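Chemist:
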Amino acid sequence: MIPLGQTRAYAKGEPLTTGGPEEAVHIVLGGCVSQQRSHFGTSILRFRGTGQVLEEQRLLDPGAPGPATTCLSETVTLGFAPDVLWKVLTRHVVIERKLLLSLETRNRTDERIYSTFKRPALARVSTLLHHLGATVGVRDQGRYGGVRIEGPSQYNLTEALQLGQSTVEQALGELREKEVIHNRYRAIVVRDMAALAAIARR
1 MIPLGQTRAY AKGEPLTTGG PEEAVHIVLG GCVSQQRSHF GTSILRFRGT
51 GQVLEEQRLL DPGAPGPATT CLSETVTLGF APDVLWKVLT RHVVIERKLL
101 LSLETRNRTD ERIYSTFKRP ALARVSTLLH HLGATVGVRD QGRYGGVRIE
151 GPSQYNLTEA LQLGQSTVEQ ALGELREKEV IHNRYRAIVV RDMAALAAIA
201 RR
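Here it is as structure tokens:
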């Protein structure tokens with residue numbers, strides 16, 4: 001599939017479509033992006049990482065508007081013209097099924113991370129950080145090791161979970177006290193993914 005697409009590197013803060021293939025459907029090869037929509041005055045923000053599909057609505061309607069997508073870190077995507085990708089999907093059922101499965105998995109993951117409003121804030125923040133560590137995290141080279149999450153800011157976490165800033169700050173503070181995470185410049189380092197997962201399940 002790669003010869004049919006176009007790889008493109010984006011800088012942090014760059015909108016996804018700037019300078020890329022027109023009307024492209026993207027697969028994230030590396031990095032972290034945010035996708036933002038607004039409904040009835042409420043902002044809805046989601047994070048996407050390696051292996052996830054962006055702008056899939058263009059397969060059905062190439063001119064259909066999608067969410068505002070911004071690269072939160074240096075990001076590389078593989079972009080396909082919708083008609084080219086559509087031909088691939090119709091000729092290769094296995095690829096088509098994998099795409100549909102990835103979209104269904106993304107929907108279920110979004111529900112588990114972003115829509116469980118009745119759960120404790122600490123569990124919700126931990127669930128999101130564990131997901132980010134697994135999807136966009138890279139091995140940290142610091143003295144404690146762990147997984148470094150670059151890109152999403154504390155404000156981004158607050159907006160994505162629709163929690164108050166002080167609530168997110170308190171949850172992050174508790175995780176630091178438990179030595180599950182620590183902060184680095186423009187990054188959060190998860191020192192213990194297993195402990196974070198255990199807190200997320202509470």
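Taken in order, the sequence shown gives residues 1 to 202; the numbers are from full-length UniProt numbering.
Cβ atoms here follow ideal geometry from the backbone N, Cα and C, with glycine treated the same way.
Keep in mind it's a predicted model, so treat the numbers as computed, not measured.
What residue ranges within the stretch 136 to 196 form continuous beta strand (DSSP E) runs of no fewer than 3 residues, ordered along the chain?
Modeler: As far as the stretch 136 to 196 is concerned, its whole beta strand (DSSP E) runs of at least 3 residues are 147 to 150, 181 to 184 and 187 to 190.
Chemist: From the DSSP output, read off the bridge partner residues of C71.
Modeler: V33
Chemist: Under three-state DSSP, which class holds G133?
Modeler: helix
Chemist: Pick from T109, C32 and A64: whose alpha carbon is nearest that of V138?
Modeler: C32
Chemist: Is the distance from the Cβ of A160 to the Cβ of A121 below 8 angstroms?
Modeler: At the C-beta level, A160 and A121 stay beyond 8 angstroms of one another.
Chemist: Can the beta-carbon of I181 be found closer than 8 angstroms to that of L129?
Modeler: A contact, by the Cβ cut-off of 8 angstroms.
Chemist: Please tell me whether residue 216 and I149 are closer than 8 angstroms, where the distance is taken between their beta carbons.
Modeler: The requested residue 216 does not occur in the structure, where the chain is confined to residues 1 to 202.
Chemist: Spatial neighbours of I44 within its chain, please: C-beta separation below 6 angstroms, excluding the five flanking residues on both sides.
Modeler: The residues R37, in chain order, have a CB closer than 6 angstroms to that of I44 in the same chain once the five nearest residues on each side in sequence are set aside.
Chemist: Considering R97, what are the terminal residues of the alpha helix (DSSP H) in which it resides?
Modeler: V93 to Y114
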